[in-house]
Structure formats: C-alpha cells, structure tokens
Amino acid sequence: MLVGHLSVGLIAKRVEPRISLGTWMLAVLLADLIFFPLLIARVEHYHDLTVDVPYSHSLLMNAIWAALFAAGYFLLRRYPRGAWLLFGAVLSHWVLDVISHRPDMQLTPGVNTVWGLGLWNSIPATLIVEGGFWLLAIVIYVRAAAPRRLLGVFTFWIGAALLTLVWYGNIRGGVDPDPVRAGVGGLIFFSLVVAWGYWINRLARSSSS
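Mapping of the sequence shown onto this note's numbering: residues 166 to 374, in sequence order.
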C-alpha cells in the first residue's frame, strides 16, 4: 500500500492534532523507510508482488520499531497519549500490508508462518478499497486540519494529486526490478512525502494564526 498508509496519517492528524502531520507520515511509512536501505544492501528482497522483508515488516519487528519510535517521541515531547498513538500508527503498517499483500507477511524473522489477504491480486479491488480509504481520509483531513490560505491549499492538493498518480502508476506498472534503483528512489520519494507533511502542517498553523 501507499495511499492506504498515508490515509492513516491523515486520519490520525484529525484524531490528535497536536502531533505534526509530518510526524504522522513518518510513523506510518517507517517500515518502508527501514526497508529501502535493507533492499539496497540486499538484506531484504522482493520479486513481483511477493516480498521477503522480515526485519522491516514482520509483526515483531514492526512492534519493536513502533516502540522505539514512540519512546523517542515521548523523550522529546513528554506526551504519553501522543506516544501511544504513534506506536499504533507505526504498527498499522503491518495490518494494512496483510490486507494488501499475498501471503508473505511474517510474524517474526525466522518463522515461516506468513499472512496476506491478497488485495493486490485484483486491480479493481485495490482501486476501490485503498482508493476509497484515501478519498475518505482526505475528506476527513480537509474538514478538520487542512491549510486555509492559498499557498497551503495548492501545496496540499498538488501533493495529494501527485501521490494519487504515483500510487496508480505503481498499481499498473509495478516496482522497478533493480533493487538499488528501487531502494534509492523509494527512500528519496518517501522522505519527500514526510517533508511534505511537515510543510503542510506548518502552512496549516500559519493559516490559523
């Protein structure tokens, strides 16, 4: 998933507006941001729609990354509710990937039991389910927290449109088969998404001041 994960970030901003949208995006994308360096180093692998990602995406490791992320946030902000919500946001990555992936999502490294409902096996179903979730999240976010000034409005909607196009392109065309190109490209793109989230959050704050 791409916009499915981002949808969690947009909705989470509505649930807890004290946390920056960029931090929410970082939380929901954390597993992938860990995956890309491991892909470049050939520690983790993918082939077509099947992946081997035990260290970045297994349930146990997602829980560990979530705990570390939440602990880091708590040490910086001293806000327990925010830390727990961020823990859930990071962990949501595994849940959504189980829905979308073929059975290849592990419970823990070294355990052969895998999970996956295979939403990606059907392009129409992916467009309806993930696309519908994305549309719902945008509506919820715009009604509650979106910037009001012209720059903020353009920045949000241009970003949302580009993300939708990239998501649709991935559904139709798949991922670059070269792991280094895919890893570097993914790391840059996802980092830009997080930066976009922080920028939108700043513009939204200035709109309300």
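Each residue gets a CB set at the ideal place from its N, CA and C atoms; glycine is no exception.
Span of the beta strand (DSSP E), counted from its first residue to its last, around residue 197: In the sequence shown, counting from the first residue as 1, residue 197 sits at position 32. Bounds of any beta strand (DSSP E) do not take in residue 197; it lies within the alpha helix (DSSP H) bounded by 186–205.
Cα-Cα, which of 260, 297, 325 is closest to residue 223? For the purposes of this step, residue 223 is identified with residue 58 of the sequence shown, where counting begins at 1. The candidate whose alpha carbon is nearest that of residue 223 is 260.
In terms of DSSP beta bridges, what is residue 215 paired with? Start at 1 with the first residue of the sequence shown, and residue 215 comes out as number 50. In DSSP, residue 215 forms a bridge with 212.
Cβ neighbours of residue 268 in the same chain (closer than 7 angstroms, five flanking residues each side left out): Locating residue 268 in the sequence shown gives position 103, where the first residue counts as 1. Excluding its 5 nearest sequence neighbours in each direction, residue 268 has C-beta neighbours in its own chain below 7 angstroms: 279, 280, 281, listed in chain order.
Nearest to residue 332 (by Cα), restricted to the options 229, 354, 184, 199: If you number the sequence shown from 1, residue 332 lands on position 167. Considering only alpha carbons, the answer is 354.
Nearest-angstrom Cβ-Cβ length linking residue 328 and residue 225, presumed shorter than 8 angstroms: Along the sequence shown, read from residue 1 onward, the residue named residue 328 stands at position 163. Along the sequence shown, read from residue 1 onward, the residue named residue 225 stands at position 60. Wrong, their Cβ atoms sit about 29 angstroms apart, outside the cutoff.
So what's residue 340 in DSSP terms, helix, strand or just coil? Along the sequence shown, one-based indexing puts residue 340 at 175. Of the three classes helix, strand and coil, the one that applies to residue 340 here is coil, per DSSP.
According to DSSP, is residue 331 part of a helix, a strand, or is it coil? For the purposes of this step, residue 331 is taken as residue 166 along the sequence shown, with counting starting at 1. Looking at residue 331 - three-state DSSP - the assignment turns out to be helix.
Cα-Cα separation, residue 347 to residue 257: In the sequence shown, the residue the question calls residue 347 occupies position 182. In the sequence shown, the residue the question calls residue 257 occupies position 92. Whole-angstrom Cα-Cα distance: 23 angstroms.
Which partner residues does residue 280 have in the DSSP bridge list? One-based indexing of the sequence shown puts residue 280 at position 115. Answer is 270, bridged to residue 280.
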